[in-house]
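Working notes, structure below.
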Amino acid sequence: MDALLLLKFTNLFSKLSAEDFVKNILVEKIGAREIMMGRGFAFGKKKLGDISFLRQLNKKYGFVVTELQMAKSSGMLISSTRIRKLIINGKIAKASKLLGRPVSILGTVKRGAKMGRILGYPTANINPHHEAIPPSGVYAVLVRFNKKTFGGVLNIGRRPTFYEYSEPTIEVHVFNFKKFIYNKDLEIEFVEKIRDEKRFPNRAGLIDRIGLDEKRAKKILNMI
Numbered sequence: 000m001d002a003l004l005l006l007k008f009t010n011l012f013s014k015l016s017a018e019d020f021v022k023n024i025l026v027e028k029i030g031a032r033e034i035m036m037g038r039g040f041a042f043g044k045k046k047l048g049d050i051s052f053l054r055q056l057n058k059k060y061g062f063v064v065t066e067l068q069m070a071k072s073s074g075m076l077i078s079s080t081r082i083r084k085l086i087i088n089g090k091i092a093k094a095s096k097l098l099g100r101p102v103s104i105l106g107t108v109k110r111g112a113k114m115g116r117i118l119g120y121p122t123a124n125i126n127p128h129h130e131a132i133p134p135s136g137v138y139a140v141l142v143r144f145n146k147k148t149f150g151g152v153l154n155i156g157r158r159p160t161f162y163e164y165s166e167p168t169i170e171v172h173v174f175n176f177k178k179f180i181y182n183k184d185l186e187i188e189f190v191e192k193i194r195d196e197k198r199f200p201n202r203a204g205l206i207d208r209i210g211l212d213e214k215r216a217k218k219i220l221n222m223i
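In numbering that gives the first Met the number 0, the protein residues as written are 0 to 223.
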């Protein structure tokens, strides 16, 4: 692949008809001579642009249409919907296999309650850009920032030791990391789940468990 073009999905763009997308974007701006597309995919307003629609336009606009066969795994089609369901249900290894890469999320660091700092394990609170988030629990992760990779331990959950009820949060403690990263983006790769989220009887019990989680994560990441 020589180039990848990303189009911002705006409200105006969402109203673009299938033929206008072909004419204005694929033909006039890109100069497409061959369009490859899988059956089942659709584009344009009301998703009217399918493989049959493209074949009706190929002579009018002078491009060739090639239909790509849908890939399968374990007898089932590989699709973004299937992968999202696997991630949400905690099937990280299976999702990674279908993706052809590790499951990861991209998120912006936001200000939190600084509870991790009080406990001795400062965390970055993540506002994710993705809708497919693994279930609550503690994970060994790799954190990418400014073209560098760091090990870390991440918690997804409602912090039941401190709150009867709270909105779910994503917090990552990055090992050997002291940079100021508020409003910066981090990519977080999920390596392995360590345990489910748990309510501890007191703060001391939670601190002890976080220490064990850190050691476990470092072992998983081959850092000790």
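Glycine included, C-beta positions come from ideal geometry on N, C-alpha and C.
Residue span of the beta strand (DSSP E) that contains LYS59, given as start and end: Reading the sequence shown from its first residue, position 60 is the one you call residue 59. Under the DSSP assignment, LYS59 falls outside any beta strand (DSSP E), being part of the alpha helix (DSSP H) whose first and last residues are 50-60.
Identity of the residue in ALA131, SER78, LEU185 and ARG198 nearest GLY99 by Cα: Indexing the sequence shown from 1 puts residue 99 at position 100. It is SER78.
Every unbroken beta strand (DSSP E) within the region 98-161, with a cutoff of 3 residues, ordered by chain: Within the region 98-161, the complete beta strand (DSSP E) segments at least 3 residues long are 103-109, 123-127, 136-144 and 147-156, listed from N- to C-terminus.
Uninterrupted beta strand (DSSP E) stretches inside the region 169-196 (no shorter than 3 residues): Fully enclosed beta strand (DSSP E) runs of no fewer than 3 residues occupy 184-194 of the region 169-196, in order along the chain.
Run of the alpha helix (DSSP H) containing GLY43, from where it starts to where it stops: Counting from one through the sequence shown, the residue named residue 43 turns up at place 44. That residue, GLY43, is in no alpha helix (DSSP H); it is neither H nor E in DSSP.
Status (buried if at least 16 other CB within 10 Å, exposed otherwise) for THR168: Working through the sequence shown from its first residue, we reach residue 168 at position 169. It is buried - the Cβ of THR168 has at least 16 other Cβ atoms within 10 Å.
Span of the alpha helix (DSSP H), counted from its first residue to its last, around THR80: Position 81 of the sequence shown, counted from the start, is the residue given in the question as residue 80. First-last of the alpha helix (DSSP H) with THR80: 79-87.
Sufficient close CB pairs (3 or more, under 8 Å) joining the region 174-187 to the region 198-205: With a cut-off of 8 Å, the region 198-205 and the region 174-187 do not count as touching, because too few Cβ pairs lie within range.
Residue range of the beta strand (DSSP E) that includes LEU205: In the sequence shown, counting from the first residue as 1, residue 205 sits at position 206. Looking at the DSSP string, LEU205 is not in any beta strand (DSSP E); the run it does join, the alpha helix (DSSP H), is 202-219.
Whole-angstrom distance between VAL21 and LYS46, CA atom to CA atom: Mapped onto the sequence shown, residue 46 falls at position 47. Mapped onto the sequence shown, residue 21 falls at position 22. Their Cα atoms are separated by approximately 13 Å.
Proximal residues to LYS192 (C-beta, below 6 Å), its chain only, five neighbours per side dropped: Taking the first residue of the sequence shown as 1, we reach residue 192 at position 193. Cβ within range, chain order: GLY136 and TYR138.
Cα-Cα separation, ASN221 to LEU141: Counting from 1 along the sequence shown, the entry for residue 221 is found at position 222. Counting from 1 along the sequence shown, the entry for residue 141 is found at position 142. Whole-angstrom Cα-Cα distance: 11 Å.
Opening and closing residue of the beta strand (DSSP E) in which ILE67 lies: For the purposes of this step, residue 67 is taken as the residue at position 68 of the sequence shown. The question names Ile, but residue 67 is Leu in the sequence shown. Counting along the chain, the beta strand (DSSP E) containing LEU67 begins and ends at 63-67.
Distance between GLU196 and ARG208 (C-alpha atoms, nearest Å): Position 209 of the sequence shown holds residue 208. Position 197 of the sequence shown holds residue 196. Between ARG208 and GLU196, the C-alpha separation is close to 11 Å.
CB of GLY89 within 9 Å of CB of PRO133, strictly: On the sequence shown, position 90 is the one that residue 89 refers to. On the sequence shown, position 134 is the one that residue 133 refers to. PRO133 sits close to GLY89, with the two beta carbons spaced by under 9 Å.
Local Cβ density within 10 Å of LYS223, reported as buried at 16 or more and exposed below that: Indexing the sequence shown from 1 puts residue 223 at position 224. Checking the sequence shown, residue 223 turns out to be Ile, not Lys. So ILE223 ends up on the exposed side.
Exposure of GLY151, with buried meaning 16 or more beta-carbon neighbours within 10 Å: Looking up residue 151 in the sequence shown gives position 152. Buried, since its Cβ has 16 or more Cβ neighbours within 10 Å.
Best match in PHE174, ILE29, HIS172 and ILE155 for proximity to GLU166 [C-alpha to C-alpha]: Counting from 1 along the sequence shown, the entry for residue 166 is found at position 167. Among PHE174, ILE29, HIS172 and ILE155, the Cα nearest to that of GLU166 is on ILE155.
Test item: CB-CB of ILE187 and ILE125 under 9 Å: In the sequence shown, residue 187 corresponds to position 188, counting from 1. In the sequence shown, residue 125 corresponds to position 126, counting from 1. ILE125 is positioned such that its CB atom lies closer than 9 Å to that of ILE187.
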